[in-house]
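Undergrad: Quick note on my numbering: the sequence shown kicks off at 225 and runs consecutively.
Yeah, the Cβ is synthetic: ideal placement off N, Cα and C, and Gly gets one too.
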Amino acid sequence: MTKARVLLLCGGQSGEHEVSIASARSVLKAAGEQFSVSPVVISKSGKLLSLEDSQKALGQGSTENLSSSGTLQTLSNDAYDVVFPLLHGPNGEDGSIQGMLKLMGLKFVGSDILGSAVGMDKLMMKSVFAAHDLPQIPYKRVLRSEWLSSPEKVLASLEVLTFPLFVKPANLGSSVGISKARNEKELVEALNLAAQLDRRIIVEQGLEHPRELEVGVLGNDFPELSPVGEISFASDFYDYETKYTEGRADLVIPASIDASIAKECQELALKAFAAIDGAGLARVDFFFDEPSGKLYLNEINTMPGFTTTSMYPKLWEAAGVSYGELIVKLVNLALEAR
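(1) Keeping to the same chain, check which residues put their C-beta closer than 7 Å to that of Val-427; ignore five residues upstream and five downstream.
(2) How big is the Cα-Cα spacing for Ile-485 and Ser-286?
(3) Counting C-beta neighbours from all protein chains within 10 Å, is the total for Phe-446 16 or more, i.e. buried, or is it exposed?
(4) Report the option in Asn-444, Glu-438, Phe-387 and His-312 whose CA atom is closest to the CA atom of Glu-530.
(5) From the DSSP output, in three-state form, read off Ser-250 for me.
(6) Would you tell me roughly how many angstroms separate the C-alpha atoms of Ala-255 and Ala-561, rounded to the nearest one?
(7) Between Val-555 and Phe-308, is the Cβ-Cβ spacing less than 9 Å?
(8) Any idea if Asp-463 is buried or exposed, counting beta-carbon neighbours within 10 angstroms, 16 or more meaning buried?
(9) Measuring alpha carbon to alpha carbon, tell me which residue in Arg-249, Lys-227, Asp-345 and Gln-237 is nearest Thr-532.
(10) Identify the residues that DSSP records as bridge partners of Val-243: which are they?
(11) Whole angstroms is fine: what's the gap from Asp-482's alpha carbon to Leu-492's?
(12) Assuming contact is defined by CB atoms lying nearer than 9 Å, are Ala-506 and Ser-247 in contact in what I supplied?
(13) Count the CB pairs spanning the stretch 355-362 and the stretch 495-504 that are closer than 8 Å, and state whether there are at least three.
(14) Taking Cβ positions, are Trp-540 and Ser-450 nearer each other than 9 Å?
(15) Out of curiosity, what's the CA-to-CA distance linking Gly-283 and Lys-271?
(16) Mark Leu-372 as exposed unless 16 or more other C-beta atoms lie within 10 angstroms of its C-beta, in which case mark it buried.
(17) For Asn-522, which residues from the same chain have a beta carbon less than 7 Å from its beta carbon, with the 5 sequence-adjacent residues on both sides left out?
(18) Could you check whether Leu-299 and Leu-252 sit closer than 9 Å to each other, using their CB atoms as the reference points?
(19) From Ala-558, Met-535 and Ala-418, pick the residue whose C-alpha is nearest to that of Ala-479; which is it?
(20) DSSP three-state call for Gln-279: helix, strand or coil?
(21) Which residue's Cα is closest to the Cα of Ser-262: Ser-244, Phe-387 and Val-306?
(22) Is it true that the CB of Tyr-520 sits closer than 9 Å to the CB of Pro-393?
(23) In this structure, does DSSP put Glu-514 in helix, strand or coil?
(24) Which value, in whole angstroms, describes the spacing of the CA atoms of Val-476 and Glu-376?
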């Protein structure tokens, strides 16, 4: 029986370039027996590496000192059955790569253009969730142009929210550029940082010590749900450093929560996935305010980190689906969806 030919796209131009390469190394190692896998790395400048240099990039964990000699012919639909776009952040999981792959007639793992774009754009995602009556923490939108031209007016508009506040660029993933503001001085600093990274900014009301819960979704029109997991950490919030520094955060699966809360998490995850027209996979994140017993939908990630120690594969491992089996399911779902 001929093995399915899988093109593994990784790297990319976002701040999660190295995370993507780490994910791809794990997938390549686990999927080699099941599929014929070819990795193609996109450099930080947006160029395709040759197949040979892509292998070298995965070996060394970066694209440093490697050429960019690949072409779009590398992505020929005659050469591959499925593309696994293991790209995180802008120009990767925001619908841009998905649109290119569709134009080229290539089948791919994960959400289509719409689901990818909505899942990446936090403001649009929140609007879609609101239209589906999904519970969210109060927030306000700020445009960079508004902040730069009328900072006092912007600060006045944010007085409806109470400190602490979280300030986030609308279109960056993996906690990049997110700040916690406990007072107006810190809020000004946080808005200045976010405005350097994006033209659209979210200012979100914070909770005091919320529990962070996550659910994995796997499937197309009839998706399955993983057990609920919890991320525990000692830092003030789950920032980039905490997320990607070994030993700074622990994964607890299943989460030690009441069965009714776990069920509500899974039901909301299913609704969030359907709301954005998700496909293939997603990780849905929640805040649980234990004192009030309220659960808030934080965000949906349509291409979560995919190393063997990442939360999404760990959630499915707890459900009895091994890392290798998960990859097989995702490739089959891509073939089924398109």
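TA: Working from what's here:
(1) Start at 1 with the first residue of the sequence shown, and residue 427 comes out as number 203. For Val-427, where only same-chain residues beyond five positions count, the Cβ hits under 7 Å are Tyr-363, Lys-364, Val-366, Leu-382, Leu-385, Leu-389 and Val-391.
(2) The residue labelled residue 485 in the question sits at position 261 within the sequence shown. The residue labelled residue 286 in the question sits at position 62 within the sequence shown. Cα to Cα, Ile-485 sits roughly 41 Å from Ser-286.
(3) Translated into the one-based positions of the sequence shown, residue 446 becomes position 222. Per the 10 Å Cβ criterion, exposed.
(4) Here residue 530 corresponds to residue number 306 of the sequence shown, with the count starting at 1. It is Phe, not Glu, that sits at residue 530 in the sequence shown. Here the closest residue by C-alpha is His-312.
(5) Taking the first residue of the sequence shown as 1, we reach residue 250 at position 26. If DSSP states are grouped into helix, strand and coil, Ser-250 belongs with the helices.
(6) On the sequence shown, position 31 is the one that residue 255 refers to. On the sequence shown, position 337 is the one that residue 561 refers to. Their Cα atoms are separated by approximately 20 Å.
(7) As a position in the sequence shown, residue 555 is number 331, starting the count at 1. As a position in the sequence shown, residue 308 is number 84, starting the count at 1. Yes; because the gap between Cβ atoms is below 9 Å, this pair is in contact.
(8) Sequence index remark: in the sequence shown, residue 463 carries index 239 (1-based). Interpretation of Asp-463 is limited by its pLDDT of 49, a score under 50 that renders its predicted location unreliable; no figure is taken from the coordinates.
(9) Locating residue 532 in the sequence shown gives position 308, counting from the first residue. The option with the nearest alpha carbon to Thr-532 is Arg-249.
(10) Position 19 of the sequence shown, counted from the first residue, corresponds to residue 243. BP columns for Val-243 are empty, so no partner.
(11) If you number the sequence shown from 1, residue 482 lands on position 258. If you number the sequence shown from 1, residue 492 lands on position 268. Roughly 16 Å between the two C-alpha positions.
(12) Along the sequence shown, read from residue 1 onward, the residue named residue 506 stands at position 282. Along the sequence shown, read from residue 1 onward, the residue named residue 247 stands at position 23. The answer is no: Cβ separation not under 9 Å.
(13) Counting Cβ pairs under 8 Å, three or more are found: they touch.
(14) Against the sequence shown, residue 540 aligns to sequence position 316. Against the sequence shown, residue 450 aligns to sequence position 226. Cβ atoms of Trp-540 and Ser-450: closer than 9 Å.
(15) Taking the first residue of the sequence shown as position 1, residue 283 is located at position 59. Taking the first residue of the sequence shown as position 1, residue 271 is located at position 47. C-alpha separation (whole angstroms): 18 Å.
(16) To locate residue 372, count along the sequence shown from 1; it is residue 148. Looking at its Cβ environment, which holds fewer than 16 other Cβ atoms inside 10 Å, Leu-372 is exposed.
(17) For this step, residue 522 is matched to residue 298 along the sequence shown. Asp-509, Phe-510 and Phe-511, listed in sequence order.
(18) As a first step, residue 252 is located in the sequence shown; it is residue number 28 there, counting from the start. As a first step, residue 299 is located in the sequence shown; it is residue number 75 there, counting from the start. Cβ distance not < 9 Å, so Leu-252 and Leu-299 don't count as in contact.
(19) Counting from 1 along the sequence shown, the entry for residue 479 is found at position 255. Between Ala-479 and the set Ala-558, Met-535 and Ala-418, the nearest pair of CA atoms involves Met-535.
(20) Here residue 279 corresponds to residue number 55 of the sequence shown, with the count starting at 1. It is helical.
(21) Position 38 of the sequence shown, counting from 1, holds the residue named residue 262. Per the Cα distances, Val-306.
(22) Taking the sequence shown and counting its residues from 1, the one referred to as residue 393 is at position 169. Taking the sequence shown and counting its residues from 1, the one referred to as residue 520 is at position 296. Not closer than 9 Å, so no.
(23) Here residue 514 refers to the residue found at position 290 of the sequence shown. Three-state result, Glu-514: coil.
(24) Here residue 476 corresponds to residue number 252 of the sequence shown, with the count starting at 1. Here residue 376 corresponds to residue number 152 of the sequence shown, with the count starting at 1. Straight-line Cα distance between these residues: approximately 43 Å.
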